[in-house]
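At position 85 of the sequence shown the residue is numbered 114 (the working numbering), and the sequence of numbers has no breaks. Where is the CB? At the ideal position from N, CA and C, for every residue including glycine. As the structure is a prediction and not an experimental result, all values here were calculated from the model.
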Amino acid sequence: MVLGRAVTGNVRAFISACNTLVSYVGSDSNLTLLSLENTLKSLSTEYYWPLLDELEPKLGRYEPLVKPAREVAEFIYESVVTDMTLPNYGPSCLIHRDLWM
C-alpha cells in the first residue's frame, strides 16, 4: 500500500511536470534548457512545496517535524542564495541525506 502511494505520487508529479513543460515549450516545439529550468522551478514552488501542507496531516506522529524541517530547508536555501555572490560559487546546493545522522 505504501509503495502504491509512492508510485501514485510520483506519477502525479510526472504528469504535473509534463503539463508544465508543454506550457513552457508551447508552439515552439523545441525543448531548451531554459524550459527545463522553468519547469523545475515551477515544480518546486507550485507542486512540491505546497505538497507539504497536503502531506502534513497524514504523517501521524511525525507531523510536528514538518515545521522544523521547513525552517531548516528555508535556512539552507537562503544561505545558498546569499553565498552565490562569492567567487567560484554556483547556484546549487548538494545536501547528503545523512546530514543529520
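From residue i to residue j, what does the alpha carbon distance come to, in whole angstroms?
| i | j | result |
| --- | --- | --- |
| Val-110 | Gly-55 | 30 Å |
| Asn-59 | Asn-48 | 15 Å |
| Leu-63 | Ala-42 | 20 Å |
| Glu-83 | Tyr-76 | 10 Å |
| Glu-92 | Pro-86 | 6 Å |
| Asn-117 | Asn-39 | 35 Å |
| Ser-108 | Ala-102 | 10 Å |
| Leu-32 | Ser-73 | Reliability fails at Leu-32, whose pLDDT of 48 lies under 50, so the model's placement of it is uncertain and the value that follows must be treated cautiously. Leu-32 and Ser-73: Cα-Cα distance of roughly 23 Å. |
By Cβ distance, which residues of its chain are closer than 6 Å to residue i, with the 5 residues on each side in sequence left out?
| i | result |
| --- | --- |
| Leu-50 | Thr-68 |
| Ser-45 | Tyr-76 |
Leaving aside the five residues before and after residue i along the sequence, list all residues of the same chain whose C-beta is less than 7 Å from its C-beta, in chain order.
| i | result |
| --- | --- |
| Met-130 | Caution applies to Met-130, whose pLDDT of 48 falls short of 50 and renders its modelled position unreliable; the model cannot decide the point. |
| Ser-71 | Thr-49 |
| Tyr-53 | Ser-64, Asn-67, Thr-68 |
Just checking my contact of residue i with residue j at CB under 8 Å: how many whole Å lie between their CB atoms?
| i | j | result |
| --- | --- | --- |
| Leu-88 | Arg-99 | Actually they do not touch by this definition, with Cβ atoms about 13 Å apart. |
Does residue i pass the burial test, meaning 16 or more other C-beta atoms within 10 Å, or should it be called exposed?
| i | result |
| --- | --- |
| Met-30 | Because Met-30 carries a pLDDT of 48, less than 50, the predicted location of this residue cannot be relied on, and the following value inherits that uncertainty. Burial call: exposed. |
Between residue i and the rest of its own chain, which residues show a CB-CB distance below 8 Å, the 5 nearest in sequence each way excluded?
| i | result |
| --- | --- |
| Val-95 | Leu-81, Leu-84, Glu-85, Leu-88 |
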